[in-house]
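Under numbering that gives the first Met the number 0, the first residue of the sequence shown is numbered 0, with each subsequent residue one higher. Quick reminder that beta carbons are idealized off the backbone N, C-alpha and C, glycines included. Quick caveat: nothing in here was measured; it's all calculated off a predicted structure. Let me begin by presenting the structure, written as structure tokens, before commenting on it.
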Amino acid sequence: MNLLKRLGCRRASVLGLLAATVLVTPGTATGAPDAVQASTLGAQAAQSGRYFGTAVSAGRLGDGTYTGILDREFNSVTAENEMKWDATEPSRGSFTFGRADQIANRAQARGQRLRGHTLVWHSQLPGWVGSIRDANTLRGVMNNHITTVMNRYKGRIHSWDVVNEAFADGGSGQMRSSVFRDVLGTGFIEQAFRTARSADPAAKLCYNDYNIENWSDAKTQGVYRMVRDFKSRGVPIDCVGLQAHFGAGGPPGSFQTTLSNFAALGVDVQITELDIAQAPPTAYANTVRACMNVPRCTGITVWGIRDSDSWRSGENPLLFDRSGNKKPAYNATLTAMGGTPTAAHGKPAVTP
Ligand code: XIL
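So this is what it looks like as structure tokens:
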């Protein structure tokens, strides 16, 4: 039964209540089921079982404009920096979770889902880890870090970026040099995923990287071969995160192909850190549409809320301007998910 029928004679008043967030359109003469179109990113993504998230910075949680948009639009949250190694284990064996907890608790209280970012990464890594030269020591330190951080948020994180950015740019298709690869060998990724599975068996375990969006790139191929190898040998991996930090041209033409090819290996794919220089509406629409067209693309995260919150703030790459107003890319994104942008007062916006 469709929503209008279920609402019955109370339809008008209930619709009045819903008007701020949901628009209901009657079925068409084609007999297709009634489309229920939401007017926020998270609500619209949820209609296809997906999430739409953002990176959140603990230092901005006191800003009412910021939290207003966060709670209205997004149903998943990634800590922008607060769960990284330098924030959670600044000295060996001494863990600090204050700011990560702030983000996690706030999200949980509002029913927003949490992505975990990130456990093993060469960057934002404290110096004490980088200077370890003994393999047994480093293996123990890495396993302890993964286990302790995952335990802290056990059962509360839908997907964890277990390993971030382990592959090299350029034409090699190989792993980059890092203390992990150089001291433990390339098997460190497998080790990290096995440890992560034991720590929180309910979390989806992701490999996350940038510049793996273009199918023919050597880096994409290198990651693809690793995931294929993991799946064939039963190494626990559930998802590939494609960061999607794009230039003004947006995603490469092969982006959807890349998403489906990874998905065909038996993993989910997620767009994990989306931002696009100058935020051209078409570039955002193309990115979002690629995800919507791939059933195992389970969610999209943009890397910040307003342009002023972005790590690339000079490029104005996000969906909200510095005052918190929706940019044209916002409407393009919502529309690409099948939603209906609203103008002021909850009325449908005039679409171009
Ligand atoms: C960035 C943050 O946005 C910045 O605040 C920080 O100074 C550096 O890191 N790839 C990642 C993210 O996986 O963690 C990075 O986040 C952006 C690139």
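Integer Cβ distance of residue i from residue j, believed to fall under 8 Å
| i | j | result |
| --- | --- | --- |
| Lys230 | Gly172 | No, Lys230 and Gly172 are not in contact; Cβ-Cβ is about 18 Å, not under 8 Å. |
| Asp228 | Val266 | Going by Cβ atoms, the distance from Asp228 to Val266 rounds to 12 Å, so no, they are not a contact pair. |
| Ala106 | Ala86 | Rounded, the Cβ-Cβ distance is 17 Å, inconsistent with contact. |
| Gly41 | Glu72 | 6 Å |
DSSP state of residue i mapped onto helix, strand, coil
| i | result |
| --- | --- |
| Leu16 | Note that Leu16 scores a pLDDT of 38, beneath 50, so its modelled location is shaky; the value from the coordinates is reported in the next line. Helix at Leu16. |
| His144 | helix |
| Asn210 | coil |
| Trp159 | strand |
| Gln46 | coil |
| Thr77 | strand |
| Thr300 | strand |
| Ile102 | helix |
| Ile68 | helix |
| Gln111 | coil |
| Gln269 | strand |
| Ile275 | strand |
| Met224 | Here residue 224 turns out to be Arg, not Met, going by the sequence shown. If DSSP states are grouped into helix, strand and coil, Arg224 belongs with the helices. |
| Thr29 | Residue placement at Thr29 cannot be trusted, given a pLDDT of 38 that sits under 50; the coordinates are not used to answer. |
Minimum C-alpha distance to residue i - residue among the options
| i | options | result |
| --- | --- | --- |
| Ser309 | Ser47, Ala278, Ile236, Arg295 | Ala278 |
| Cys205 | Ile211, Phe192, Asn213, Asp216 | Phe192 |
| Ile211 | Ile188, Gly240, Gly184, Arg196 | Gly240 |
| Ala289 | Trp302, Leu273, Gly303 | Leu273 |
| Ala103 | Ser90, Asn143, Asn142, Ser56 | Ser56 |
| Gly67 | Phe319, Asn330, Pro340 | Phe319 |
| His121 | Gln111, Glu81, Ser177 | Ser177 |
| Arg138 | Tyr65, Leu183, Thr64, Phe261 | Leu183 |
| Ser158 | Arg71, Gly52, Asp168 | Gly52 |
| Ser47 | Val287, Ser322, Asp70 | Val287 |
Cβ-based burial, residue i [other Cβ within 10 Å; buried from 16]
| i | result |
| --- | --- |
| Arg109 | exposed |
| Thr332 | buried |
| Thr185 | exposed |
| Trp127 | exposed |
| Gln255 | buried |
| Thr297 | buried |
For residue i, the residue or residues it bridges with in DSSP
| i | result |
| --- | --- |
| Met174 | Phe166 |
| Ser90 | Ser93 |
| Lys325 | Phe319 |
| Ala54 | Thr77 |
| Val239 | Tyr206, Val268 |
| Phe245 | Ile275 |
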